[in-house]
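Visitor: I have a structure here, written as structure tokens, and I will follow up with some questions on it.
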């Protein structure tokens, strides 16, 4: 049985005898034979070569990397080497075997000498267990068998699922909190004084929203919108934003503990990646000299500049989306359909969000190529170093791709567009968008909701359907011909390996980035659930539901639809941890800015405690925010409109007499349109709140990080006992040898 276990399969097209490709293939296989590999060839429509490494290789590995604790035992104690380690060693040797023409396997794959290489999914009970108890929809709420995943896919994949499970578990709490805040917003704040005032303001005439064909309008028209806004924008959101900043820290601190516990059970806590890599290089080639560490400031500068150029391009795309919305709003407001005219702004935001999603999908592909190109320029020393560099770059690019448009809506929309009579215009023609009189936060809410829903539904469906369809198609292609051959040549007994290898070959290909992609998707989702959560309290709930599916989607893909991944050893999630910590800090800044700048929380508080009727004497039983809306709108004289604005077309039906002035949302004087004292008062309050919020949140983060130790005491004690016992054993052995 053991003789029939093959470590790897190489697949190649059938080349004609004597062709260059065939000679190259033979040279490569000869090199493997020299190293003592057993090779078995099976012919179908392709050539399949099974390779099995000699036992000697694994003995060397065990000898070089034996645990320091077991070095005391006699060297000939052989434990069976785990399958995952076996596959990893063989993969390393295959990738680093050099033919006499100085070509490695990846060069030969590029030149179409070999089509692909993969380790096999074995028909063992471990695989059957994982298929039944893990890669099934019905076990969606069960605990994952992390230990078993590690034995089949290696540590790196197991750590990904451990992290994802832990993240989802803690998201549950954030999701409940978000839901409570949202529901409270719906029930309590329906009675908000501010939205009541907007609904009753049926004689407040507002300035037109565009230059042609836009009428003057009544503030009370936007009653529903105001209610929606105050459902999101209320005191509860401030508390929730604070909660999420702390949640992000606690999540990471608890994950560090969780990881320490998991990794200690695997004996990998102090594992050294560099030593492992050097050992594999020496097993492969005893004459191997290690690559030195290098650092060039010139190269780093070039890469930094190129990264900045790429970021500028991504911000440019966000600008293009802004201009799209401006032009579309202008077109919609001039259209003949009543619905389009009235909902022009909302429609522009919705279509803008869909367009943004499409740019995200396209730019993700572009970003990957750019990041890979930059990594090649950098010439990193090892594979893991290359992976770290690549991770940081692609995350930066993806962050700007996903968030630049949101950042614009949150912090710039409606703040840079001038005022009536002096608008800022795109190409001197189209007016920039304005915020709604009840605040900008609803635009941010719509944008976040659209992107998160599209990202999670469409992307997940595609992520599962594409591999599934590919797999079914490949299976269909392979089968029909085989049946006719079998009818003709009944006498030929089929090799048991052939069926097994073919069924593995029909599965979808995995590449180095398969796991990386899953991580990137989750980390971007984590940014969505923390950074702008003040504007979208349902984000954690959406993420939670998505992840319940995601875990099992990934499991089903890995077990049933894809070839086996080459296992990788790891004792943590690598550079992703630093990325998550950076997001945690951005989340504090982002939420602080959303509450201080985007939401109406600060202006309302300033009004309540400085200008409101409550501040006058003897007013009891009056809501303190009474009169806020009137206070927050400035007056504009119609005769000061620019020539662009055709006032004659805009006079609505409800006013027969001439309108002298209209209102707009800003704090400006009525005579020279300069900023009023209130504006500077609110500006100072916003800044003060921002500084206070960020310092408090960061202090709480630091306290939480200090309060929760990274490594549980049980793990530390385990190491303590281990060291103590080893030293005691050595001492007793020394005394014993001196006595003898």
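Residue numbers (full-length UniProt numbering): 1 to 740.
For each residue, glycine too, the CB sits at the ideal point set by N, CA and C.
These numbers come from a predicted model, not from an experiment.
Who are residue 470's beta bridge partners in DSSP?
Guide: Residue numbering aside, residue 470 sits at position 470 when the chain shown is read from its first letter. Per DSSP, none; premise fails for residue 470.
Visitor: Rounded to a whole number of angstroms, what is the C-alpha to C-alpha distance between residue 75 and residue 63?
Guide: By one-based count along the chain shown, residue 75 stands at place 75. By one-based count along the chain shown, residue 63 stands at place 63. For residue 75, the predicted structure reports a pLDDT of 45, less than 50, and the residue's modelled location is therefore unreliable. The matter cannot be settled from this model.
Visitor: Under 8 Å between the Cβ atoms of residue 233 and residue 414?
Guide: Numbered from its first residue, the chain shown carries residue 233 at position 233. Numbered from its first residue, the chain shown carries residue 414 at position 414. For residue 233 and residue 414, no; Cβs fall outside 8 Å.
Visitor: According to DSSP, is residue 49 part of a helix, a strand, or is it coil?
Guide: As a working mapping, residue 49 is identified with position 49 in the chain shown. Strand.
Visitor: Measuring straight from C-alpha to C-alpha, what distance separates residue 290 and residue 274?
Guide: Translated into positions along the chain shown, residue 290 becomes position 290. Translated into positions along the chain shown, residue 274 becomes position 274. Those two C-alpha atoms are separated by around 10 Å.
Visitor: Any idea if residue 699 is buried or exposed, counting beta-carbon neighbours within 10 angstroms, 16 or more meaning buried?
Guide: Here residue 699 is taken as the residue at index 699 of the chain shown, counted from 1. Answer is exposed; the Cβ neighbour count stays below 16.
Visitor: For residue 550, does the count of other Cβ atoms within 10 angstroms reach 16, so buried, or fall short, so exposed?
Guide: Locating residue 550 in the chain shown gives position 550, counting from the first residue. By the 10 Å Cβ count, residue 550 comes out buried.
Visitor: When DSSP labels each residue in this structure, what does residue 65 get in the three-state scheme?
Guide: Residue 65 sits at position 65 when you count from the first residue of the chain shown. Reduced to three states, the DSSP call for residue 65 is coil.
Visitor: Can you find the residues in the same chain that come closer than 7 Å, C-beta to C-beta, to residue 129, ignoring five residues on each side of it along the sequence?
Guide: The count along the chain shown starts at 1 and reaches residue 129 at position 129. The answer, listed in chain order, is 148.
Visitor: Locate the alpha helix (DSSP H) running through residue 375, then write down its first and last residues.
Guide: The count along the chain shown starts at 1 and reaches residue 375 at position 375. Where residue 375 is concerned, the enclosing alpha helix (DSSP H) stretches over 344-378.
Visitor: To which residues of the same chain is residue 179 closer than 6 Å at the C-beta, ignoring the five residues directly before and after it?
Guide: As a position in the chain shown, residue 179 is number 179, starting the count at 1. Taken in chain order, the residues that qualify are 541.
Visitor: Using the DSSP secondary-structure output, state which residues sit across from residue 418 in a beta bridge.
Guide: Taking the chain shown and counting its residues from 1, one reaches residue 418 at position 418. Partner(s): 423.
Visitor: Mind checking residue 615: buried by the 16 CB within 10 Å criterion, or exposed?
Guide: If you number the chain shown from 1, residue 615 lands on position 615. So residue 615 ends up on the exposed side.
Visitor: Per the DSSP calculation, residue 160 is bridged to which residue(s)?
Guide: Here the question's residue 160 lines up with position 160 in the chain shown. DSSP lists no partner for residue 160.
Visitor: If you count every other CB in all the chains shown that lies within 10 Å of the CB of residue 152, and 16 or more means buried, which is it?
Guide: Numbered from 1 along the chain shown, position 152 holds the residue referred to as residue 152. Label assigned to residue 152: buried.
Visitor: Can you give the beta carbon distance from residue 195 to residue 227, rounded, assuming they're within the 8 Å contact cut?
Guide: Residue 195 sits at position 195 when you count from the first residue of the chain shown. Residue 227 sits at position 227 when you count from the first residue of the chain shown. Residue 195 to residue 227, Cβ: 5 Å. Contact.
Visitor: Excluding five sequence neighbours on each side, which residues of the same chain lie with their C-beta closer than 7 Å to the C-beta of residue 42?
Guide: For the purposes of this step, residue 42 is identified with residue 42 of the chain shown, where counting begins at 1. Answer for residue 42: 48, 495, 497, 498, 501, listed in chain order.
Visitor: Report buried or exposed for residue 530, applying the criterion of at least 16 other Cβ atoms within 10 angstroms of its Cβ.
Guide: The residue you call residue 530 lines up with position 530 of the chain shown. Buried is the call here.
Visitor: Check residue 633 in the structure and name its three-state DSSP category.
Guide: Counting from one through the chain shown, the residue named residue 633 turns up at place 633. Three-state result, residue 633: strand.
Visitor: With DSSP as the reference, label residue 43 as helix, strand or coil.
Guide: The residue given as residue 43 occupies position 43 in the chain shown. In this structure, residue 43 counts as strand in the three-state DSSP scheme.
Visitor: Rounded to a whole number of angstroms, what is the C-alpha to C-alpha distance between residue 293 and residue 381?
Guide: Looking up residue 293 in the chain shown gives position 293. Looking up residue 381 in the chain shown gives position 381. If you take the alpha carbons of residue 293 and residue 381, they lie about 7 Å apart.
Visitor: Tell me whether residue 665 sits in a helix, a strand or coil according to DSSP, three-state version.
Guide: Here residue 665 corresponds to residue number 665 of the chain shown, with the count starting at 1. The answer is strand: DSSP assigns residue 665 an E or B state.
Visitor: Measure the Cβ-Cβ separation of residue 65 and residue 8 and say whether it is below 8 Å.
Guide: For the purposes of this step, residue 65 is taken as the residue at position 65 of the chain shown. For the purposes of this step, residue 8 is taken as the residue at position 8 of the chain shown. Contact flag unset, no.
Visitor: Does residue 384 come out as helix, strand or coil in the three-state DSSP assignment?
Guide: Reading the chain shown from its first residue, position 384 is the one you call residue 384. DSSP places residue 384 in helix when its eight states are reduced to three.
Visitor: Where in the stretch 289-337 do unbroken runs of the beta strand (DSSP E), each at least 3 residues long, occur, reported from the N-terminal end onward?
Guide: Entirely contained in the stretch 289-337, not one beta strand (DSSP E) run reaches 3 residues.
Visitor: Using C-beta distances below 7 Å, list every residue in its chain close to residue 507, excluding the 5 sequence neighbours before and after it, in chain order.
Guide: Within the chain shown, residue 507 is the residue found at index 507, counting from 1. Correct list, in chain order: 471, 561, 562, 563.
Visitor: So, residue 704 versus residue 246, is the Cβ gap smaller than 8 Å?
Guide: Mapped onto the chain shown, residue 704 falls at position 704. Mapped onto the chain shown, residue 246 falls at position 246. In this structure, residue 246 lies closer than 8 Å to residue 704 by Cβ.
Visitor: Which two residues bound the contiguous beta strand (DSSP E) that contains residue 530?
Guide: For the purposes of this step, residue 530 is identified with residue 530 of the chain shown, where counting begins at 1. Careful: residue 530 lies outside any beta strand (DSSP E), inside the alpha helix (DSSP H) at 514-530.
Visitor: Hey, could you find the ends of the beta strand (DSSP E) residue 677 is sitting in?
Guide: Position 677 of the chain shown, counting from 1, holds the residue named residue 677. Unbroken run through residue 677 is the alpha helix (DSSP H), 677-707; no beta strand (DSSP E).
Visitor: So residue 160 and residue 719 are supposed to be a Cβ contact under 8 Å. How far apart are they, rounded?
Guide: Within the chain shown, numbered from 1, the residue matching residue 160 stands at position 160. Within the chain shown, numbered from 1, the residue matching residue 719 stands at position 719. So it is not a contact: roughly 25 Å between Cβ atoms.
Visitor: Can you say whether residue 599 is buried or exposed, counting buried as having 16 or more other CB atoms within 10 angstroms of its CB?
Guide: Here residue 599 corresponds to residue number 599 of the chain shown, with the count starting at 1. With 16 or more Cβ atoms within 10 Å of its Cβ, residue 599 is classed as buried.
Visitor: May I ask which residues mark the beginning and end of the beta strand (DSSP E) holding residue 10?
Guide: The sequence position of residue 10 within the chain shown is 10, counting from 1. Unbroken beta strand (DSSP E) run through residue 10: 8-12.
Visitor: At which residues does the alpha helix (DSSP H) containing residue 601 begin and terminate?
Guide: Numbered from its first residue, the chain shown carries residue 601 at position 601. Taken as a continuous stretch (DSSP letters only), the alpha helix (DSSP H) holding residue 601 covers 601-606.
Visitor: What did DSSP end up calling residue 592 once you bin it into helix, strand or coil?
Guide: On the chain shown, position 592 is the one that residue 592 refers to. In the structure shown, residue 592 sits in a helix (DSSP, three-state: H, G or I).
Visitor: Nearest by alpha-carbon distance to residue 403: which of 503, 525, 442, 433 is it?
Guide: Taking the first residue of the chain shown as 1, we reach residue 403 at position 403. Of 503, 525, 442, 433, the residue nearest in Cα terms is 525.
Visitor: Determine the extent of the beta strand (DSSP E) in which residue 117 is found, giving its start and end residues.
Guide: Mapped onto the chain shown, residue 117 falls at position 117. Unbroken beta strand (DSSP E) run through residue 117: 116-118.
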